[in-house]
Amino acid sequence: MSEEKKTRKKKLLFRYLILAACILVVAAITVTVVFAANDWFRSDITIDDVLDKPKPSNPGNTDNPGNTEDPGHTEDPGKPNEPDKPTGNETTFALPVSNPNVINVFDFGKDVSLGHWHFHTGLDMAATAGTAVVACLDGTVSDIVVDDKLDGTTVTIQHANGLKTVYSYIDLKEGLKKGDNIKRGDQIGTVSEPEGAEFKQEAHLHFEVIENGEKKDPAKFLDIAEK
């Protein structure tokens, strides 16, 4: 009888050890998946050059390197013409599309098109294809990427005070080019048909705000209600 009890205890202990090992394996797999997903997002769903910190346009002004205004500047006729730097004082953002309907916010979630979980770094605003897309602030077109497989056509505008705005999934306005000076409310394109990494969504503008090299929640800059 004593031998039978010992055998039962050994079997029970063995089962507990197996259960504990399974729990540890599941925990390790979960941690690995979370960190792998985070690393994939950082390396796979970024737009070229949008995380580069903007350089001050007036390197001689050490009191405020983020200020691109130079009120004392006069043109030197002996030097070649260069694109003007953004100098607008307007800080109130214009809506990039009229009557936008927010369908995807700046948050961690599942990509309905690609089926993976990641941090969505912008604000998706549904709008009929062909709706005008305008610049939110005065600035200079710092980058244009056409027909990217993930982001479609993207326009990046450099503004004063270390701000950039990024407009993806648009059809580019004819003639718009890198280096163009843009005023608040100027049209830069129109909303395109669904495409790229968000092709399963309805037609929309993917809009991002970058402040001193860091992506920010665009909703904090816009007078807009999430629906």
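Going by my numbering, the first residue of the sequence shown is number 85, and it counts up by one from there.
The C-beta atom is built at its ideal place from N, Cα and C for all residues, glycine as well.
As the structure is a prediction and not an experimental result, all values here were calculated from the model.
Open item on the list: Tell me the residue span of the beta strand (DSSP E) that contains F80.
Closed with: In the structure as shown, the chain begins at 85 and stops at 311. Residue 80 is therefore absent and cannot be evaluated.
TODO: Please say whether V275 and V181 have beta carbons closer to each other than 8 angstroms?
DONE: yes
- [ ] Kindly indicate the opening and closing residues of the beta strand (DSSP E) around Q242.
- [x] G236 to Q242
Task: Continuous beta strand (DSSP E) stretch holding G273: start and end - done: Q271 to V275
Open item on the list: Starting from E298, trace the beta strand (DSSP E) in both directions and tell me its first and last residue.
Closed with: E298 to K300
Open item on the list: Would K233 and I241 be called neighbours here (beta carbons separated by less than 8 angstroms)?
Closed with: no
- [ ] Check whether the segment 260–268 touches the segment 202–217, counting contact only when three or more Cβ pairs, one atom from each stretch, lie closer than 8 angstroms.
- [x] no
Task: Beta bridge counterpart(s) of Y251 as assigned by DSSP - done: V239 and F291
Task: Cα-Cα separation between D154 and D222, rounded to whole angstroms - done: Note that D154 scores 44 on pLDDT, short of 50, meaning its location in the model is unreliable and no value can be drawn from it.
- [ ] Look at L321 and F190 and say whether their C-beta atoms are less than 8 angstroms apart.
- [x] Absent from the model: residue 321. The displayed extent of the chain is 85 to 311, so no value can be given.
Open item on the list: Judging by CA-CA distance, which residue of M209, I254 and D270 is the nearest neighbour of C220?
Closed with: D270
Task: One or two residues paired with V230 in a DSSP bridge - done: Partner(s): none; V230 has no beta bridge.
Task: Contact check, E279 vs Y251, beta carbons under 8 angstroms - done: Result no, Cβ atoms of E279 and Y251 do not sit closer than 8 angstroms.
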